[in-house]
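Chains A and B, in that order, give the protein sequences.
Here our numbering is used: the first residue of the first sequence is 99, the next is one more, and so on.
Here our numbering is used: the first residue of the second sequence is 16, the next is one more, and so on.
One structure below.
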Amino acid sequence: MNKFWIVLSHTYLSKLKSKSFIITTVIMMALVLILSNMTNILKTFGSDDREQVAIIDQTGEHLFDGYKAEVAVVNDEITIIASQDEENAEKKVIDEEISGYLLLEKDVDNGLKGTYKANQISDSMISDDLFLALSQLKSKRTASELSLTDQQIVQLNTPPAYETIALAENAKSEEDLNQARGLVYVLLFVIYFGVLMYATMIAMEVATEKTSRVMEILISSVSPITQMFAKILGVALLSLTQMILFFGVGYVSIKRNLTDMNEGFFAIFGFGNTNISTIIYAIIFAMLGYLLYATLAACLGSVVSKIEDVQQMISPMTMLVVIAFLIAMFGLGNPSASYITITSFIPFFSPMIMFLRVGMLNVPFWEIAISIGLLIATIILLGIVGARIYRGGVLMYGSSKSLKSIKNALQLSKKN
Amino acid sequence: MALQIKGVTKKFGEFTAVNNLNFTIPEKEMFGFLGGNGAGKTTTFRMILGLLDPTEGEIVWNGKKIDYASSSLIGYLPEERGLYPKLKVRDQIVYLARLRGMNKGKALKELEYWLDRFKVPEYIDKRVEELSKGNQQKIQLIASMIHKPELLILDEPFSGLDPVNVEMLKEAVIDLRDSGTTIVFSSHRMEHVEEMCEHLCIMHKGSPVVEGKLKEIKRSFGKKNVSIRADFDLSFLDAYPGVTKVKTTMEGKILQVTGEDVAADIIRDLVPRGFVRKFELEEPSLTDIFIEKVGAAYE
Ligand SMILES: Nc1ncnc2c1ncn2[C@@H]1O[C@H](COP(=O)(O)OP(=O)(O)OP(=O)(O)O)[C@@H](O)[C@H]1O
Ligand SMILES: [Mg+2]
Chain A
99 MNKFWIVLSH
109 TYLSKLKSKS
119 FIITTVIMMA
129 LVLILSNMTN
139 ILKTFGSDDR
149 EQVAIIDQTG
159 EHLFDGYKAE
169 VAVVNDEITI
179 IASQDEENAE
189 KKVIDEEISG
199 YLLLEKDVDN
209 GLKGTYKANQ
219 ISDSMISDDL
229 FLALSQLKSK
239 RTASELSLTD
249 QQIVQLNTPP
259 AYETIALAEN
269 AKSEEDLNQA
279 RGLVYVLLFV
289 IYFGVLMYAT
299 MIAMEVATEK
309 TSRVMEILIS
319 SVSPITQMFA
329 KILGVALLSL
339 TQMILFFGVG
349 YVSIKRNLTD
359 MNEGFFAIFG
369 FGNTNISTII
379 YAIIFAMLGY
389 LLYATLAACL
399 GSVVSKIEDV
409 QQMISPMTML
419 VVIAFLIAMF
429 GLGNPSASYI
439 TITSFIPFFS
449 PMIMFLRVGM
459 LNVPFWEIAI
469 SIGLLIATII
479 LLGIVGARIY
489 RGGVLMYGSS
499 KSLKSIKNAL
509 QLSKKN
Chain B
16 MALQIKGVTK
26 KFGEFTAVNN
36 LNFTIPEKEM
46 FGFLGGNGAG
56 KTTTFRMILG
66 LLDPTEGEIV
76 WNGKKIDYAS
86 SSLIGYLPEE
96 RGLYPKLKVR
106 DQIVYLARLR
116 GMNKGKALKE
126 LEYWLDRFKV
136 PEYIDKRVEE
146 LSKGNQQKIQ
156 LIASMIHKPE
166 LLILDEPFSG
176 LDPVNVEMLK
186 EAVIDLRDSG
196 TTIVFSSHRM
206 EHVEEMCEHL
216 CIMHKGSPVV
226 EGKLKEIKRS
236 FGKKNVSIRA
246 DFDLSFLDAY
256 PGVTKVKTTM
266 EGKILQVTGE
276 DVAADIIRDL
286 VPRGFVRKFE
296 LEEPSLTDIF
306 IEKVGAAYE
């Protein structure tokens, strides 16, 4: 056990101190910082001045002040200025001094009519807000015409209670689902990249030790199985360090912009009220997925004899990860599809797909338990077979043709 | 109490790499392994260390199979040299020594001692890839013996070194033996084995052709060398009964004879013919034995 820790800490520390690790970590942290400050950055680059809209009040009812107040409630970034003649306003719009102007008139039934004119109306945000404010104004105006009390006005304005409830037992409500989708989407990405990146790291590490021939000394002093798992856990620890750094930076910077966040960019991803159990499952499945693929990667890394062959050797494994990810991406739109249910039990896919189901649906616990159980059993099996491949593989220096060399490696570790 | 190799055979598929090897390597001694390329030396070492399982037979060290529990007692210098190219010598050796059960402080002290002894103290902070091949080999030899193992296995430890370094490393290995380590090493250089080993084994195509104590091997070989210099023509010796091999040099001849009695006959015949400047009866060299035994096996 003692040697296990020596190998583990050696793997962890030597990687942690390596230049490439430090550089990638810093770059990724910068990326996280940029992403988490997206709203602010967009704002800085986008409209640096507030939107100005001119109002031409031709109703003769002096609605300007009232309307200004309503607009302020809807969107305080729109500045309302009064204007008298349309020609002047139009000129200002063309010169881009103001975003647009709104013509307030009375229609034939003495109702309110607004016409918004701007260079481009694709920027519908302002138009929508102006319309909303106008509706409010109209309700108030009508209410006062009908001499309603304040309470009656409130009653009139209160929207009906409206809710959607899914009848299928394992479905989450529509609102939950949308929120979950964003979170699951992001976490799937994290699992995908994490598994791929760190498993590849393991394969490279093993192949480097093998091709530099230091391996024969190593396996004469530490058993291959100890070595393999110490390395896998060392890199796991490294990945945790990296994740903690990324999430730490992300969290601090998000927390700082929390107010922007809730209504901004991140609300789309459902980060507003993060689902703790989803995150816990993400960690569990990411770890198990990593263990599975890292064990596979260690075996594959141990049979190559040239470092250039590593990529080719692990390409079947990479394919598996990519396929799992693609299935998960398709499943994001329809998580209760039967192909999703089936693949969520297949060990090489389950880390991503069972996680998808858990994140999006209310999956009965026994299903999760079976999937995790199968996954763990596969990891153990792969560990046992893998240790033998590893033991034989590290003594083998021939050409490396995936399947054949795995067979040779297994043979070499036997007495035959 | 020794390293016992009992009826060991190793097959790779159909191919027999080591065939029924049987011998005992005494404790606190140096044992030499000779044999041509592909004779099965490296395979035997890997089986001793437990890296490969014998197809048949077993190998025991002090009555037990060597496994990872005893790895702090074992040292190994593999034939294919290799260390972590990017790691500094210090980190490298400390890591490998810790895997052999040493603590960090002790390992550092020993490392400094050995680097000083090998006259390369400045290497401690160098990365291995910056060192020349021979110097990497010094570092690797240090890695294999820094923990003062009870059993040290060296696969061609002196190949690729200049004569000065060969002497330096040989001395180090001999010191280690004197302090009680059992050393098994393979070599293609007969004189190294002749010089350092009491026991040896010559392998050919997986089978031992000669095995035992150096002195006894030489004695039982029977044949001796006679080196002669004289002021007259020696060509009559080429077809002399009992002479198995003749080598003509600038100054005379070196004969291989079947025994001391033949040498006695020769000198009796020489003296009446004129002045004999040199007549010397020598033990056969290991090279002679190797060529004879392995050569015979080739035919
Ligand atoms: N993994 C393997 N698979 C198949 N054959 C092997 C394997 N390892 C060694 N051999 C064969 O076993 C025989 C003995 O090899 P070994 O490496 O033990 O020779 P050696 O005595 O160390 O030779 P050298 O002096 O060249 O180092 C060789 O013919 C070799 O081809
Ligand atoms: Mg060899």
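Every residue gets a Cβ at the ideal spot worked out from N, C-alpha and C, and that includes glycine.
- Secondary structure note for A:LEU335: it is in no beta strand (DSSP E), and the uninterrupted alpha helix (DSSP H) holding it is 322-354.
- Under the three-pair Cβ rule at 8 Å, the segment 182-195 of chain A counts as touching the segment 148-163 of chain A.
- Residue state for A:THR123 is assigned as helix, using DSSP reduced to three classes.
- Under the DSSP assignment, B:THR31 falls in the beta strand (DSSP E) whose first and last residues are 30-41.
- Judged by DSSP secondary structure, B:MET45 falls within the beta strand (DSSP E) whose first and last residues are 45-50.
- C-alpha of A:VAL169 to C-alpha of A:HIS160: approximately 15 Å in a straight line.
- Beta-bridge annotation (DSSP): B:MET218 is paired with B:GLY50, B:PRO223.
- Listed along the chain, the chain A residues whose CB falls inside 7 Å of the CB of B:GLU95 are ARG311, GLU314.
- The closest heavy atom of ligand 2 lies 7 Å or more from the beta carbon of B:LYS25.
- B:ASP170 sits close to B:PHE60, with the two beta carbons spaced by under 8 Å.
- At least one heavy atom of ligand 2 lies closer than 7 Å to the C-beta of B:THR57.
- Cβ atoms of A:GLY292 and A:TYR379 stay farther apart than 8 Å, at about 14 Å.
- Under the DSSP assignment, B:ALA17 falls in the beta strand (DSSP E) whose first and last residues are 17-27.
- Taking a C-beta distance under 8 Å as the contact criterion, A:ARG489 and A:ILE317 qualify as a contact pair.
- In chain order, ALA380 place their CB closer than 6 Å to the CB of A:LEU285, counting only its own chain and leaving out the 5 sequence neighbours on each side.
- Under the three-state reduction of DSSP output, A:GLY399 falls in the helix class.
- Within chain B, no residue has its beta carbon less than 7 Å from that of A:ILE378; the closest one is some 36 Å off.
- For A:PRO449, the CB contacts under 6 Å within the same chain, skipping 5 residues up- and downstream, are PHE383, LEU386, GLY387 in chain order.
- Under the Cβ distance rule, A:LEU331 does not count among the residues neighbouring chain B, no pair being separated by less than 8 Å.
- Non-local beta-carbon contacts of A:VAL408 in its own chain, meaning distances under 7 Å to residues more than five positions away in sequence, involve ALA301, MET302, ALA305, GLY399, VAL402 in chain order.
- Of the residues B:ALA278, B:GLY55, B:LEU18, the one whose Cα lies closest to the Cα of B:LYS25 is B:GLY55.
- Not flagged as an interface residue toward chain B: A:SER118, since no C-beta distance is shorter than 8 Å.
- CA-CA distance, A:LEU459 to A:ASN276, rounds to 11 Å.
- In terms of Cα proximity to A:GLU314, the closest of A:VAL124, A:GLY491, A:ALA475 is A:GLY491.
- Using a Cβ distance threshold of 8 Å, A:LEU343 and A:MET136 do not count as a contacting pair.
- Residue-level contact by beta carbon holds for B:ALA158 and chain A, with a gap shorter than 8 Å.
- Contact annotation: in the segment 43-77 of chain B, residues whose CB is within less than 9 Å of a CB in chain A are ARG61, LEU64, GLY65, LEU66, LEU67, ASP68, PRO69, THR70, GLU71.
- B:GLU94 has its CB nearer than 7 Å to a heavy atom of ligand 2.
- Sorting B:THR302, B:ILE189, B:GLY221 by C-alpha distance to the C-alpha of B:PRO69 places B:GLY221 at the top.
- Secondary structure of B:LEU123 (DSSP, three-state): helix.
- Under the 8 Å criterion on CB atoms, B:LEU111 is classed as interfacial with respect to chain A.
- Take B:LEU102, set aside five residues on each side of it, and the residues of its chain with a beta-carbon closer than 8 Å to its own are TYR110, ARG142, VAL143, in chain order.
- The Cβ of A:ILE224 sits no closer than 8 Å to any Cβ of chain B.
- With contact defined as three or more Cβ pairs closer than 8 Å, the segment 161-176 of chain B and the segment 189-203 of chain B are in contact.
- In this structure, B:MET205 and B:PHE305 form a Cβ contact; the two beta carbons are roughly 6 Å apart against a cut-off of 8 Å.
- In chain order, MET205, VAL208, GLU209 place their CB closer than 7 Å to the CB of B:LEU301, counting only its own chain and leaving out the 5 sequence neighbours on each side.
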